[in-house]
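Each protein sequence line maps, in turn, to chains A and E. Quick note, the numbering used here runs 20 ahead of the 1-based positions in the first sequence. Quick note, the numbering used here runs 336 ahead of the 1-based positions in the second sequence. Idealized CB from N, CA, C, for every residue including glycine. Written below as structure tokens is the structure these notes are about.
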Amino acid sequence: METIITIKPLLAVLIPLICAVLIIFSSKHPNIRDGWSVAAGVVLFLTVLSMLPDILAGSVIQFTVIEMLPNLPIKFKVDAFGELFGLTSSFLWIFTTFYSIGYMRSLKEHAQTRYFFCFSIAIVGAIGIAFSANLFTLFLFYEVLTVSTYPLVIHNETPEAMSGGRKYLLYLMTAGIFLFFSVAAVYYYTGTTDFAFNGILDGHGIPVVMLKILFITFMIGSAKAAFMPLHSWLPSAMVAPTPVSALLHAVAVVKAGVFTATRVILYVFGVDLMGETGIGLMMAYFVCITIIVASFYAMTHDNLKKRLAYSTVSQLSYIVLGVSMLTPDGITGGMLHIPYHAFMKITLFMCAGAIIVTAKMENISEMKGIGRKMPITMLAFTVGAMGMAGAPPVAGFVSKWFLLLGSVELNQLPILIVLLASALLNVAYFFPVIYTAFFQKPDKELTFGEASPFMLVPLTLTAIGSLILGIWPDAPYLFLELVNVAVQNVTTGGI
Amino acid sequence: MIFDNAPALVVIFPLIAAITVPIIGYYNKRLIPYYVTLVIFCSFIFSISNLRTVMQTGSISYTMGGWEPPFGIEYAIDYLNGFVSIVVIFIIFIVSIYAKKSVEQELPGRTINFYTVFLLLTAGLQGLIVTGDLFNVYVFLEISSIAAYALVSVGKSRDALMASMNYLIIGTVSASFILLGIGYLYMVTGTLNMADLADRLPLAFDERPKVVLAAFAFFLVGFSIKVGLFPLHTWMPDAYSLAPSAVSAMLASTFTKVAAYVMIRVMFTIFKPDFIISTVHAHTILAWLAAIAIIAGSVLAIAQTDFKRMLAYSSVSQIGYIILGVALMNQIAMTGGVIHIMNHGIMKAALFMVAGAIIYKTGIRNINDFKGIGKTMPYTSAAFTLVALSMIGIPPTVGFVSKWYLALGAIEAGMWVFVGVIMLSSLLNIVYFWRVFENMYFYRAEGGKVDEVPLSMLLPILILAALTFLLGVLALYPLKEIMAPMVQIILPG
């Protein structure tokens with residue numbers, strides 16, 4: 021495997037960072053300020069995109085910033101899996117930025133400079149996590165992400181927002197502390213924290229009990245992935261403005277969590293070690309509980325954002341389930357679900373936000389007949405919801421197909437049943453929304469129309485994106501090709 | 337060459353300056369702050385020169401007046417005290433810049449007295465660090481302690497007198513213990529030179545074990561008080577929170593650190609690690625006490641609403657880190673403990689300066705009244721944010737470096753419970769610092785106009801805040817060049 025050394029990964033982290041500084045300095049001029057965000061989003065995406073051809077050719081891009089502690093450098097390495105997350109988050113960041121501008125301006129929100137500043141820093145965290153070459157760098161950006169998203173969550177600064185924010189912080193900071201411990205332990209046993217395609221813990225004579233404890237602390241550390249019983253920060257964080265929810269629940273925070281979990285499973289423990297110790301299957305069964313239980317929780321919530329939050333909890337566990345299966349198809353399905361779920365969930369959240377801004381409605385039961393007034397929004401919502409349930413031709417179908425193949429490959433009937441049952445449950449909690457919006461008669465005259473183009477265009481585009489990814493998943497330069505490279509890396513040990 | 341005498345000059349410069357301050361002040365009061373800063377800067381240069389000499393030619397042994405040890409007074413500098421000396425004098429240098437405006441406001445008309453005692457304290461601390469003579473340790477300990485009592489007593493509120501009195505009584509008990517320890521050792525060995533003591537102690541222990549054990553116990557308790565190790569910390573919260581801002585910043589970031597250094601010196605250079613591990617098992621007791629200090633300090637910090645008091649309790653907890661690193665008895669943990677002397681010094685100085693800056697501008701001490709300060713004092717608040725994140729242990733700050741080494745050291749020692757303590761303490765740190773963030777930045781406070789402290793107060797804060805970040809990112813250099821050889825000397829293994 022060829023290793024290319026360029027500064028591009030560092031640039032990708034620096035661009036939003038510089039953007040954040042510029043935002044602070046142009047706080048008096050909203051148009052210039054928001055212009056920086058858009059410009060940085062586009063430049064960032066192009067930078068990440070420019071690395072794609074090399075990655076697809078099987079190379080790895082690497083850049084060491086500085087060796088901070090002995091054998092503990094701040095170092096970036098872009099492999100196929102990192103590029104997958106980097107590409108997803110940088111691409112969707114552009115949409116969230118446009119959407120945020122529309123949302124914040126329509127509601128005339130306060131502290132917009134702080135908002136866009138933290139937004140930029142959050143993407144620094146997400147990109148840093150995607151491109152980190154070792155656990156230490158990952159931990160660094162993991163904390164950056166936690167700290168920078170806190171002001172976004174409590175943006176409203178109402179008592180409710182503050183208490184939701186505290187819960188958010190408490191969960192994620194505690195996770196950070198566990199991650200810190202896990203990283204230190206890995207460093208202690210192996211002398212390194214660099215990710216390797218076949219894992220780094222194998223062959224150091226670590227007792228199996230210790231490995232299991234370490235795995236558990238790692239998984240507590242990735243509480244951003246919202247496994248049950250560590251999920252409850254996510255619904256609490258719904259007090260945030262909707263673009264933040266879109267960013268948190270589709271792109272940055274939760275995906276950083278599952279990304280970390282996947283990195284740990286495949287690149288720290290490694291496929292072989294996970295299989296030998298039986299941790300893989302244990303984890304697969306464990307997340308199955310989350311998949312099912314979260315769906316039931318979702319049904320009980322009338323608040324649309326809360327329902328979406330629980331749907332996210334459930335869908336995130338798909339990703340970890342696929343990866344824990346440790347079979348090529350399972351891993352493909354899991355990894356593929358990272359961008360696919362991102363596209364679909366961001367669409368759903370942006371729709372929810374559009375409804376909040378224009379119709380001033382948050383509860384599903386109030387949304388009678390809004391499909392007639394906001395047809396494009398609700399159509400986009402329908403596409404996203406279908407994808408969640410895994411119905412063709414939306415993207416969700418493809419990843420779920422691979423997951424099903426994986427469970428068959430593994431000969432695990434219970435997992436197969438869980439996946440099918442979950443699809444049904446998804447239909448059960450999304451269908452009422454669509455039904456209410458399109459087929460029920462409004463109680464009173466509805467006097468609003470579609471949301472502003474700033475909001476409408478992004479959500480339409482991501483919905484169309486979800487469709488394209490579902491209809492033509494194996495198009496060149498799309499995610500499936502990237503996932504194939506990643507899967508080949510981990511199953512063959514990168515040879 | 338003047339630099340040949342650098343080991344003595346680091347002490348003599350501030351000592352002589354302390355005497356000349358009233359003379360200069362008699363003619364021109366306004367010159368004093370600049371004069372003091374200049375003197376401390378010179379002392380800082382000599383400190384650097386000392387460490388450079390150590391790094392180039394090995395440990396320094398400087399004989400006072402040419403009297404050879406063990407008869408004369410020896411100043412002995414190796415990596416450990418060379419490093420601590422630079423850290424301490426650098427922080428004092430930064431504090432001396434900060435002190436100018438702060439003292440003008442808090443102690444109008446008493447600047448001459450303040451700066452005289454300030455320099456005495458500096459001389460005492462530097463003396464404590466560089467000396468290689470145990471009785472000299474006592475002398476400098478008294479000089480610096482008495483200076484510290486005086487500095488605390490001039491605090492604005494009347495309670496400061498009480499705090500100072502309290503500090504004086506407890507401090508004197510501690511000094512007496514230390515003096516007794518020194519006396520006992522002198523009794524059985526007949527020497528006061530540290531290196532000489534170390535050579536003769538094994539024999540003396542064989543002959544008179546009880547005396548040596550008693551001496552060790554006196555030292556341990558005496559220094560535990562000076563360090564402020566829980567539950568002997570009770571003088572600390574009052575003294576730190578009621579002293580003038582500049583004094584709080586200086587005492588919290590230097591005095592306890594110097595005491596910790598002397599404790600390490602006595603434990604590792606005079607008594608030797610073997611004695612501690614196999615004869616008295618003091619490390620186990622110390623490690624547990626440190627663990628209790630870490631947790632108790634943080635919990636008590638959470639209970640405070642007074643910002644300076646909260647920081648004082650946070651110091652109780654952070655002192656625990658240093659002692660824990662020392663008590664785990666392995667090289668990794670020791671590295672963490674010693675580097676935390678620097679890291680905590682910088683962080684705590686910055687935090688107390690922020691507290692002082694807020695009091696200077698608004699007079700507010702209660703955290704719940706901090707609303708809107710994020711807007712009116714943006715630079716101070718930003719510096720606070722960075723330093724507080726470092727206290728929590730977010731990489732790549734210095735706080736992370738300390739925590740990393742302590743955690744690894746605890747794993748190395750097989751004491752997983754202490755890893756848990758470090759983790760729990762991080763969480764508690766988040767709780768008490770986040771409250772401040774929340775009040776500073778959120779709750780939709782109506783922000784007034786930007787109204788920052790004068791540059792001579794703001795700049796020191798910003799420098800220290802930048803250092804918490806830079807020394808974290810560039811931690812490899814001090815670790816490789818200073819910490820690694822230092823640990824080899826004091827804890828060979």
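{"Query": "Chain E contact for A/Tyr-208 (CB, 8 Å cutoff)", "Result": "yes"}
{"Query": "is_contact[A/Leu-430, chain E] using C-beta, thresh 8 Å", "Result": "no"}
{"Query": "Of the listed residues A/Glu-180, A/Asn-91, A/Val-505 and A/Gly-196, nearest to A/Tyr-207 (C-alpha basis)", "Result": "A/Asn-91"}
{"Query": "Cβ separation of A/Thr-482 and A/Met-319, assumed to be a contact under 8 Å, to the nearest whole Å", "Result": "About 25 Å separates the two Cβ atoms, so there is no contact after all."}
{"Query": "Check whether A/Ala-281 and A/Ile-435 have beta carbons under 8 Å apart", "Result": "no"}
{"Query": "Amino acids of chain E, ordered along the chain, whose beta-carbon sits closer than 9 Å to that of A/Pro-29", "Result": "Neighbours of A/Pro-29 on chain E: none; closest Cβ ~17 Å, over 9 Å."}
{"Query": "Cα-Cα separation, E/Ile-422 to E/Ser-383", "Result": "5 Å"}
{"Query": "Separation of A/Val-291 from E/Ala-820, as counted between CA atoms", "Result": "37 Å"}
{"Query": "3 or more residues per run - each beta strand (DSSP E) lying fully within the region 66 to 106 of chain A", "Result": "80 to 89 and 92 to 98"}
{"Query": "Cβ contact (3+ pairs, closer than 8 Å) linking the region 684 to 696 of chain E and the region 709 to 720 of chain E", "Result": "yes"}
{"Query": "CB contact check: E/Ser-762 to chain A, cutoff 8 Å", "Result": "yes"}
{"Query": "Chain E residues whose Cβ lies nearer than 7 Å to that of A/Thr-194", "Result": "Leu-763"}
{"Query": "Neighbour list for A/Asn-364 in chain E, Cβ cutoff strictly below 9 Å", "Result": "The question names Asn, yet the displayed sequence has Met at residue 364 of chain A. The premise fails here: A/Met-364 is roughly 33 Å from chain E at the closest Cβ pair, so nothing lies under 9 Å."}
{"Query": "Three-way DSSP call (helix, strand, coil) for E/Val-393 in this model", "Result": "With the sequence shown as reference, residue 393 of chain E is identified as Thr, and Val is not the correct amino acid for it. It is helical."}
{"Query": "Coil, strand or helix - E/Glu-788 by DSSP", "Result": "coil"}
{"Query": "Beta-carbon neighbours of E/Glu-774, restricted to chain A and to distances below 9 Å", "Result": "Ile-174, Met-182, Gly-185 and Arg-186"}
{"Query": "DSSP-derived helix/strand/coil call for E/Glu-410", "Result": "strand"}
{"Query": "Alpha-carbon spacing of E/Tyr-634 relative to E/Ala-724, whole angstroms", "Result": "In the sequence as displayed, the identity of residue 634 of chain E is Ser instead of Tyr. Taking the straight line joining both Cα atoms gives about 14 Å."}
{"Query": "The region 728 to 739 of chain E: positions lying closer than 9 Å to chain A by Cβ", "Result": "Ile-728, Gly-729, Ile-730, Pro-731, Pro-732, Phe-736, Val-737 and Lys-739"}
{"Query": "Cutoff 8 Å: E/Val-635 Cβ touching any chain A Cβ", "Result": "no"}
{"Query": "Assigned exposure category for A/Phe-517 - 16 Cβ within 10 Å defines buried", "Result": "Outside the displayed range of chain A (21 to 515) lies residue 517 of chain A, so it cannot be described from this structure."}
{"Query": "Contact check, A/Phe-105 vs A/Gly-219, beta carbons under 8 Å", "Result": "no"}
{"Query": "The region 97 to 115 of chain A / the region 141 to 159 of chain A touching (three or more Cβ pairs under 8 Å)", "Result": "yes"}
{"Query": "CB contact flag (E/Asp-787, E/Met-713, <8 Å)", "Result": "yes"}
{"Query": "Expected contact under 8 Å - CB spacing of A/Ser-337 and A/Phe-217 to nearest Å", "Result": "24 Å between Cβ atoms; not a contact."}
{"Query": "A/Leu-356 versus A/Asp-322, A/Phe-316, A/Lys-232 and A/Glu-501, residue with shortest Cα-Cα distance", "Result": "A/Glu-501"}
{"Query": "Short CB-CB distance (under 8 Å) between A/Met-387 and chain E", "Result": "no"}
{"Query": "Whole-angstrom distance between E/Tyr-474 and E/Ala-483, CA atom to CA atom", "Result": "14 Å"}
{"Query": "Cβ shell of A/Gly-407 (< 6 Å), same chain only, five flanking positions each side left out", "Result": "Met-364, Val-414, Ala-415, Gly-416 and Ser-486"}
{"Query": "Cα-Cα separation between A/Ala-100 and E/Ala-718, rounded to whole angstroms", "Result": "37 Å"}
{"Query": "Per-residue burial, E/Met-822 [other beta carbons within 10 Å of its own, 16 or more giving buried]", "Result": "buried"}
{"Query": "Assigned secondary structure, A/Asn-431 (DSSP; H/G/I helix, E/B strand, else coil)", "Result": "coil"}
{"Query": "Own chain residues within Cβ distance below 6 Å of E/Val-674, not counting five before or after", "Result": "none"}
{"Query": "Distance, A/Thr-297 Cα to A/Ala-506 Cα", "Result": "23 Å"}
{"Query": "A/Val-167: contacting residues in chain E (beta-carbon distance under 8 Å)", "Result": "Leu-725 and Ile-730"}
{"Query": "Per-residue DSSP class, three states only, for A/Tyr-207", "Result": "helix"}
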